[in-house]
Amino acid sequence: MARCILALTALMLFSFRTSSSACNVQDRRALVAFRDSFPPNSLPSWTSTPDCCFWQGVRCSKRTGRVRLLSIFKNKNLTGAIPPSIGSLPYLESIALSRLPNLVGPIPPQISNLRKLQFLTIYETKVSGPIPNIFSKMPQLKEINLLNNNITGSIPASIGDIPNLFTLDLSGNRLTGTIPASLFSRAVSSITPDLDLSNNMLTGDLPLSFNKVRFTNFDLSNNNLTGSSAWVLFGSSKPVTQIILSSNEMVFNMSKIEDFPVNLTYLDISHNKIFGAISDKITQLTNFGYLDVSNNNLCGKIPSGGKFRDFGPQAYQNNTCLCGTPLPPCK
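With mature numbering (1 follows the signal peptide of the UniProt record, and there is no 0) applied, the sequence shown covers -22 to -1, 1 to 309.
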């Protein structure tokens, strides 16, 4: 996911052409306030010319000179918190603050002033504190990538108010509490979102409302999730290609999952308390390429045929009584 974020940021930097109009006066004032909140020379190119549209990491509309993209990447000199002045760029469509090891403090609630924002990325920083509950005011958002930070608290329910959100990545933080049932509940029908909440401290079960969400990629690994509602992710009509639930405390009967998403390529439910047998119908998946059901309480004969001949014993080890190739034969 992180590699995709960096590629998207680079693409957007080139897609906004430098303005033939001078940088808007109000936008320049906001950027100067942003710059001056950090130590001198943290952003050296932001002093080389009065036209902020030529500053590194800033892109403007060619027609209006309004700032539309702000991207700061791999800058160890940027020390301090994200200033409230970031909320004074009303035409901003994309923020990317990535690999900034000395960026600290909370996400400023003034970001909610950016009603045109579509892409919000804060990646590999020391940004901390809770995610502000502001997203009902930001209906244009398409991607929220807040991964690998020090963010704490719960997931704001207001994220569910965003109709066009197709990526939510909050992985690698210290989030606690349950997963809001509102997530993607107001998504337009054409959205097939990616959700990554892995490597947090989330608890509880999967919301039953997820049965109505057409996920593409789904990763909740390395949390403290419990419960038996993982069935909401399965079904032949679901477009999901990747399901990762490993390293939780989930308890459900695998025998009851007989209808698998036809496009499923990757399934990792290892290190849980899942019981029952693996249905033979999983062998009908033509694009299936990865399986790990190890360290559970599964029993019965391992399905054969299809892609299953490619999976070694490590995919099944440490279960209660699984048997058959590539494990010892059933008795």
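C-beta: ideal position from N, C-alpha, C; glycine also. Source: prediction; values computed, not measured.
Around the CB of T219, 16 or more other CB atoms lie within 10 Å, so the residue is classed as buried. Secondary structure at V271: coil, using DSSP grouped into helix, strand and coil. Counted as a single uninterrupted DSSP element, the beta strand (DSSP E) harbouring D172 occupies residues D172 to D174. In this structure the segment 60 to 73 lies against the segment 82 to 96, because at least three pairs of beta carbons, one per stretch, are closer than 8 Å. Burial of D5 is indicated by the presence of at least 16 other C-beta atoms within 10 angstroms of its C-beta. Going by C-alpha positions, R37 is about 48 Å away from D288.
Looking at the DSSP output, L276 bridges to G254.
If you draw a straight line from the Cα of N2 to the Cα of R41, it is about 11 Å long. Excluding five sequence positions before and after L305, the CB atoms of its chain that fall closer than 7 Å to its own CB belong to I280, P291 and Y294, given in chain order.
If you compare the alpha carbons of G302, F196 and N296 with that of F286, the shortest gap goes to G302.
Contact annotation: G284 and I256 have beta-carbon atoms that are not nearer than 9 Å. Around the beta-carbon of C30, 16 or more other beta-carbon atoms lie within 10 Å, marking it buried. Assigned with DSSP and collapsed to three states, F144 falls in coil, not helix or strand. Around the beta carbon of S282, fewer than 16 other beta carbons sit within 10 angstroms, so the residue counts as exposed. Cβ neighbours of T170 within its own chain (closer than 6 Å, five residues either side excluded): R192, T194 and P217. In the structure shown, Q295 falls within a coil segment according to DSSP collapsed to helix, strand and coil. If you ignore the 5 residues before and after G213, its C-beta comes within less than 7 Å of the C-beta of D237 and P239, all in its own chain and listed in chain order.
Listed in chain order, the alpha helix (DSSP H) elements of length 4 or more contained wholly in the segment 44 to 69 amount to none. D29 carries a coil assignment under DSSP once its states are collapsed to helix, strand and coil. A direct Cα-Cα distance of roughly 14 Å separates L21 from A8. Taking C-beta atoms under 8 Å as the contact rule, V229 and S206 qualify, at a distance of about 6 Å. For the pair T243 and G267, the Cα-to-Cα distance works out to about 5 Å. In the three-state reduction of the DSSP assignment, P87 falls in the helix class, which pools H, G and I. Note on R44: 16 or more other CB atoms within 10 angstroms of its CB, so buried under the neighbour-count rule. Boundaries of the alpha helix (DSSP H) harbouring L9: V3 to D14, taken from the DSSP string.
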